[in-house]
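Quick notes on the structure that follows.
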Amino acid sequence: MKDIHLERAIENSIPKPGSGYTEETWKRATEFLWKMAEFYDQEGGRTFFPPAINLGPKGSIDLHWDLQKFELSLNFPASPAQFPSCRGSDSYGVKIERELNGPKDYVAMAR
C-alpha cells in the first residue's frame, strides 16, 4: 500500500540528527502510522489523514490530528518498554486519555 500523503508527512517531519530522539523511537511512530493507513485502506478504502509529526518531551515523538470529527495526540516515548499514550476528544466532546496497545485502539477513537 502506498499513501503519498502519509509518505510526504513523514518525509517532511524527519527530525534533524541530534534533536534528542532515537532512530528506534522514530521507527516505532512511523510504523504505527503505516499500520493505521493500511487498516483504513482495508476497511473499504476509508481516507487516512496524516497527523502533524513533532518531537515530544524527553526524546519522544508526538503525532497530532486535529480534524472535525476528533482531536487526538499520541506520544511515543523514547523507551521501547513503554506503550504510546493518547489523549483526545471526539466530535461529541467525549475525552479519552490512556495507553495504546495497537492501531485498533486508535481506530476506535477515530470513529
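Start counting the sequence shown at 45; every next residue gets the next number (my numbering).
C-beta: ideal position from N, C-alpha, C; glycine also.
Classification of residue i by the beta-carbon crowding that lies within 10 angstroms, buried from 16 upward
| i | result |
| --- | --- |
| Gly100 | buried |
| Pro95 | buried |
| Met45 | Low per-residue confidence applies at Met45: pLDDT is 49, beneath 50, and the placement is therefore not dependable, though the value from the model is reported in the following sentence. Per the 10 Å Cβ criterion, exposed. |
| Thr69 | buried |
| Leu111 | exposed |
| Arg155 | Per-residue confidence for Arg155 stands at a pLDDT of 48, beneath the threshold of 50, marking its modelled position as unreliable; no derived number is given. |
Host alpha helix (DSSP H) of residue i (start-end)
| i | result |
| --- | --- |
| Lys71 | Glu67 to Gln86 |
Endpoints, the beta strand (DSSP E) within which residue i is located
| i | result |
| --- | --- |
| Ala125 | Segment: none, Ala125 is in no beta strand (DSSP E) and carries neither H nor E. |
| Leu144 | Run containing Leu144: none; DSSP gives neither H nor E here. |
| Phe93 | Looking at the DSSP string, Phe93 is not in any beta strand (DSSP E), and its letter there is neither H nor E. |
| Leu118 | Phe114 to Phe120 |
Span separating the alpha-carbon of residue i from that of residue j
| i | j | result |
| --- | --- | --- |
| Phe127 | Asn145 | 7 angstroms |
| Met80 | Arg90 | 11 angstroms |
| Gly64 | Lys102 | 7 angstroms |
| Lys113 | Ser135 | 5 angstroms |
| Cys130 | Lys139 | 10 angstroms |
| Arg52 | Gly88 | 23 angstroms |
| Gly137 | Thr66 | 34 angstroms |
| Glu82 | Phe92 | 9 angstroms |
| Glu55 | Trp109 | 17 angstroms |
| Ala125 | Gln86 | 29 angstroms |
| Leu107 | Asn98 | 6 angstroms |
| Leu116 | Ile105 | 14 angstroms |
Identified DSSP bridge partners for residue i
| i | result |
| --- | --- |
| Leu107 | Ile97 and Leu118 |
| Lys102 | According to DSSP, Lys102 bridges with nothing at all. |
| Arg131 | Ser117 and Glu141 |
Exercise. Would you call the stretch 63-83 and the stretch 119-131 touching, i.e. three or more CB-CB distances under 8 angstroms?
Worked result: Cβ pair count under 8 angstroms is three or more, so yes.
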